[in-house]
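Only one structure is covered here, and it is reproduced in the block below.
Number of protein chains: 2
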Amino acid sequence: MNRIEESPLYRIANARSIAYYGASNRVETMGSMVLTSILDAGFEGEIYPIHPKEKEVQGIKAYAEPGDLPEIPDLVIMVLPTGIVCQALEKCGKSGIKHAIVVSGGFKEVGGEGIELERQLLDISKKYGIRIVGPNCLGIVNNHHKLNSTPMFIEGPPGYIGLISQSGSFVAQTFNYLATQGLGFSTAISVGNETDIDMVDCLEYLAECPHTKVIALYIEGIKRGRAFIEAAKKVSTHKPIVAFYVGGSEAGRKAAFSHTGSLSGPDQLYDAAFRQAGIIRVHTVVELFDCCWTLGSLPKSKGRNVVIQTHSGGPGASAADACSRSGLVLPTLSDETLEALKPILPHTASSSNPVDLTFTQDQSSFFKDVPGVLMKDKSLDYLLVYLLAPEFSVKKRLMSMGMSDIEVDEMMKDMAGKAAHKLRKLVDSSGKPIVCFTYHDPHNFMIKQMIENGIPVFQDASRAVRAIKAVADYSEMNLK
Amino acid sequence: MNRIEESPLYRIANARSIAYYGASNRVETMGSMVLTSILDAGFEGEIYPIHPKEKEVQGIKAYAEPGDLPEIPDLVIMVLPTGIVCQALEKCGKSGIKHAIVVSGGFKEVGGEGIELERQLLDISKKYGIRIVGPNCLGIVNNHHKLNSTPMFIEGPPGYIGLISQSGSFVAQTFNYLATQGLGFSTAISVGNETDIDMVDCLEYLAECPHTKVIALYIEGIKRGRAFIEAAKKVSTHKPIVAFYVGGSEAGRKAAFSHTGSLSGPDQLYDAAFRQAGIIRVHTVVELFDCCWTLGSLPKSKGRNVVIQTHSGGPGASAADACSRSGLVLPTLSDETLEALKPILPHTASSSNPVDLTFTQDQSSFFKDVPGVLMKDKSLDYLLVYLLAPEFSVKKRLMSMGMSDIEVDEMMKDMAGKAAHKLRKLVDSSGKPIVCFTYHDPHNFMIKQMIENGIPVFQDASRAVRAIKAVADYSEMNLK
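Each protein sequence line maps, in turn, to chains A and B. First residue of the first sequence: 1089, per the working numbering; consecutive thereafter. First residue of the second sequence: 1089, per the working numbering; consecutive thereafter.
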């Protein structure tokens, strides 16, 4: 595949018109919910509900059969009882539809008759040349095309993470999680049972997707191992891939089998495959998106030198400990740096790395002067900043001085914005990344402003360090 | 020590009156901030600001010397420039004060003259029999005595976590973090340089503190190793101890030394000591408080059997994987359980462990019927539930049907409350714990209600599993 248009996914993820099976005027069914998600996303093409009896479904003109539609739509989405999926697909095939998302479950993953039903589904798709995502999936979220075939409404703006997931949950149930951190999907694909289109096809598609800067994988078991490694190898040279694989442990393997009927392999096998393919492996959902954050937003660099800036010892020491355990290095600062720090640090401060300003309320030393000096040190690859943003205390103190709630909020937002801009300027002028960690709520003004200014903020040093390490590991594996 | 009143910390953490050095009418200094924290906490005893010139400090009658006070206060708190601390302590000693919190830094931790200054401080304290917390610390937060000597205001209600920390930050800068999760400190002690009162004294105090159900330690290096192990051994038989030790790695060791001048030891040494003392070791701040949550709120049990309930495969498989990797076991459900599940699970569901309900909107099957059956299974020690709480989507859907913002919020809060009560009832009737995981915001109605009903909710399966494992490990080490 050389052009994105050649991908079987292209007309699915970028469908211009959709035939829709499974919605009715009873709003609480899964089928109706998915239709409202498509509408809520603001899908701009035509939607054709297909319903045996209703003339209108949720205010949209409905049709009895796919053959009745005024055009051949690019895509059909099916949220139907298992037993009638094949028959519906047959009709779609006859009417010339070439792409389908089959959300319905009850196929291979339930065993028994389900296996036979899935074989029938595949036979029909081959007979008519229909490319299928699913069955037993939530389909596709293409934030840049206003397409969302999951039962959840999209939260937050489109982002740069491309997700390929053998679980629909990690597509539809992470919108809130990502939005809270200023992240979002470019395109997310719930592949389901992969009866036709599989992870390899998705990988090739996202490799060419211009909105996708990093690819996240949730894997229970890979069907076409050799093809997967070959595809990933090609992609990872220009686009990072991060994988969360759960099939390597005994309980993970069993759970994966009963979920999607995947046959998973031992950890060592997957570790070797990931290494060969230049893929970063993670072990939790949180790590998956944390590493996507840094890999998708920071410049790539083989460097492993982290300078830590803090205003208190504990967070500094815990970040240092996490770096050491992850194979990141705390370089000694140069004599020039130490000399330049002298006049701007309080006497209780420590200028070794971690640089500990101790108690200071001086915003310019914390957000400009000190980091300004540190970012110039040649040994620095990353500046890791412990961020104190005591919104509750500051707000209460200011209000006790007679300021109103709104005045305080505006003042704090303004202060946070200025602090974030200062750090952002240092990133731009040095070309080196700043990453923060904190224990505050992500709804905090300071955290929000940092994130909006492209500075990742993680809850806990260990998460920040893991995400920095991903960039160093990726660069080492894939950059020449 | 047999009675809590015998602890040198008792009259510090439960001071009935405080002499205060370092506050002025300039509100932005550290000294003034700490005084406002004490006032904000609602401290109920007398406060006597000591100031060379002012007649009043922040509206409170001030005194020039400790000898001028109308009584001998239980405690003196000092937030003074390093150079005048010794002289002030001498005056306090002469006037009969027997307990001090020295917040000021610039002693042993900065080396050079600081070491000599700290020796002087200790000499004075011995001469007058003054017991000291600090120097270079943030002192004490006793939420049950409305005492807070840190520069941050307390957030949230008192809790059951006793913290002993060689970093002031982890005392004062985690209020928001804990409150968001429905947690809080009983008493938190920032020990600073431990020139007099040290971790061992604090451990003995918290062992007897009736509000403390679990003890958290942040350690850079332990001074009295043998005494620490002996004390911890005694405590851990009736109160769990969780320790985050950062001095075991190269960078952690260096950072710890420049922070508090601690001499730390290799990981293996600390691992052995912790094991001997029945202490659970963790590696991040997040883990520290996660394990305190389960250890402080769940019944102790040596069992390692986890039954997972989910409505979608990915979260189930990732939780299964995390259990397997942590040495927790996913038992096979009994025939009775499987029989009882049959009529209440949809046909697409999986009744092996993880029990996957797949798509269901039936609140009673998710929060009552299915967990009700599972909790009765003899092989279950913990029920781990994946919690979907799609507030954003549900709210938007309900509002599109014409409900107002307030009506929707009330309805959702009500639904969440009912769901949480159902799970709570199952916990009470079975005596076995339910733990949840989710990817939603902790401000979400459902998450809040679960937490308020005593059901811990963790962001990510891995965190829930780590925290469950802590209970099993603690029980195995310390229960006969």
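Where is the CB? At the ideal position from N, CA and C, for every residue including glycine.
{"Query": "For residue 1294 of chain A, count neighbouring Cβ atoms within 10 angstroms of its own Cβ and tell me buried if that reaches 16, exposed if not.", "Result": "buried"}
{"Query": "List, in order along the chain, the chain A residues whose C-beta lies closer than 7 Å to that of residue 1476 of chain B?", "Result": "1261"}
{"Query": "For residue 1114 of chain A, which residues in the same chain have their Cβ closer than 7 Å to its Cβ, ignoring the five residues on either side in sequence?", "Result": "1120"}
{"Query": "What are the boundary residues of the beta strand (DSSP E) that residue 1188 of chain A is part of?", "Result": "1187 to 1190"}
{"Query": "Within 10 angstroms of the Cβ of residue 1500 of chain A, are there 16 or more other Cβ atoms? Answer buried if so, exposed if not.", "Result": "buried"}
{"Query": "I want to see whether chain A comes within less than 7 Å of residue 1447 of chain B, judged by CB atoms only; does it?", "Result": "yes"}
{"Query": "Between which residues of its own chain and residue 1174 of chain A is the CB-CB distance below 8 Å, once the five residues before and five after are set aside?", "Result": "1205, 1208, 1209, 1212"}
{"Query": "May I ask which residues mark the beginning and end of the alpha helix (DSSP H) holding residue 1082 of chain B?", "Result": "Examination of residue 1082 of chain B is not possible in this model, given that chain B is present from 1089 through 1568 alone."}
{"Query": "Within 7 Å of any Cβ in chain B, is that where the Cβ of residue 1308 of chain A sits?", "Result": "yes"}
{"Query": "For residue 1275 of chain A, return the contacting residues in chain B, with the cut-off set at a CB-CB distance below 8 Å.", "Result": "Those within 8 Å of residue 1275 of chain A in chain B number zero; the least Cβ separation is about 18 Å."}
{"Query": "Excluding five sequence neighbours on each side, which residues of the same chain lie with their C-beta closer than 8 Å to the C-beta of residue 1189 of chain B?", "Result": "1100, 1163, 1164, 1165, 1166, 1220, 1221, 1222, 1225, 1227, 1228, 1237"}
{"Query": "Is there a Cβ from chain A that is less than 7 Å from the Cβ of residue 1113 of chain B?", "Result": "no"}
{"Query": "Whose C-beta lies closer than 6 Å to the C-beta of residue 1243 of chain A among residues of the same chain, with five residues either side of it excluded?", "Result": "1263, 1264, 1267"}
{"Query": "Helix, strand or coil: which one does DSSP assign to residue 1549 of chain B?", "Result": "helix"}
{"Query": "Should the stretch 1506 to 1520 of chain B be regarded as contacting the stretch 1447 to 1462 of chain B, the criterion being three or more beta carbon pairs within less than 8 Å?", "Result": "yes"}
{"Query": "Can you tell which of A:1386, A:1093, A:1534 has its C-alpha closest to the C-alpha of residue 1504 of chain A?", "Result": "A:1534"}
{"Query": "Kindly indicate which three-state DSSP category residue 1497 of chain A falls into: helix, strand or coil?", "Result": "helix"}
{"Query": "For residue 1172 of chain A, count neighbouring C-beta atoms within 10 Å of its own C-beta (all shown protein chains included) and say buried if the count is 16 or more, exposed if not.", "Result": "exposed"}
{"Query": "Give a yes or no on whether the minimum CB-CB distance between residue 1484 of chain A and chain B is below 7 Å.", "Result": "yes"}
{"Query": "Round the Cβ separation of residue 1553 of chain A and residue 1416 of chain A to the nearest angstrom and send it over; I've been treating them as touching at under 8 Å.", "Result": "6 Å"}
{"Query": "For residue 1407 of chain B versus residue 1507 of chain B, is the C-beta spacing smaller than 7 Å?", "Result": "no"}
{"Query": "Assuming residue 1383 of chain A and residue 1562 of chain A are in contact, meaning their beta carbons sit under 8 Å apart, how far apart are those beta carbons, in whole angstroms?", "Result": "6 Å"}
{"Query": "Given this structure, state the Cα-to-Cα distance separating residue 1092 of chain B from residue 1311 of chain B, to the nearest angstrom.", "Result": "23 Å"}
{"Query": "Quick check on residue 1166 of chain A: does DSSP put it in helix, strand or coil?", "Result": "strand"}
{"Query": "Within the stretch 1172 to 1236 of chain B, note down every full alpha helix (DSSP H) run reaching 4 residues or more, in order along the chain.", "Result": "1173 to 1182, 1201 to 1216"}
{"Query": "Taking the alpha-carbon of residue 1473 of chain B as reference, which of B:1354, B:1346, B:1129, B:1546 has the nearest alpha-carbon?", "Result": "B:1546"}
{"Query": "Measure the Cβ-Cβ separation of residue 1308 of chain B and residue 1334 of chain B and say whether it is below 7 Å.", "Result": "yes"}
{"Query": "Any contact between the stretch 1271 to 1283 of chain A and the stretch 1314 to 1324 of chain A? By contact I mean 3 or more CB pairs, one from each, below 8 Å.", "Result": "no"}
{"Query": "State yes or no: is the C-beta of residue 1446 of chain B within less than 7 Å of the C-beta of residue 1434 of chain B?", "Result": "yes"}
{"Query": "Do residue 1302 of chain A and residue 1278 of chain A have their beta-carbon atoms positioned less than 7 Å apart in this structure?", "Result": "no"}
{"Query": "Mind checking if residue 1105 of chain A is an interface residue toward chain B, Cβ cutoff 7 Å exclusive?", "Result": "no"}
{"Query": "Who does residue 1261 of chain A pair with in a DSSP beta bridge?", "Result": "Paired residue(s): none; residue 1261 of chain A is not in a bridge."}
{"Query": "Could you check if residue 1138 of chain A is buried or exposed, using at least 16 other CB atoms within 10 Å of its CB as the buried criterion?", "Result": "buried"}
{"Query": "Taking Cβ positions only, does residue 1380 of chain B come closer than 7 Å to chain A?", "Result": "no"}
{"Query": "From residue 1372 of chain A to residue 1386 of chain A, what distance separates their C-alpha atoms?", "Result": "21 Å"}
{"Query": "Take residue 1288 of chain B as the anchor and find which of B:1496, B:1199, B:1254, B:1489 has the nearest alpha-carbon.", "Result": "B:1254"}
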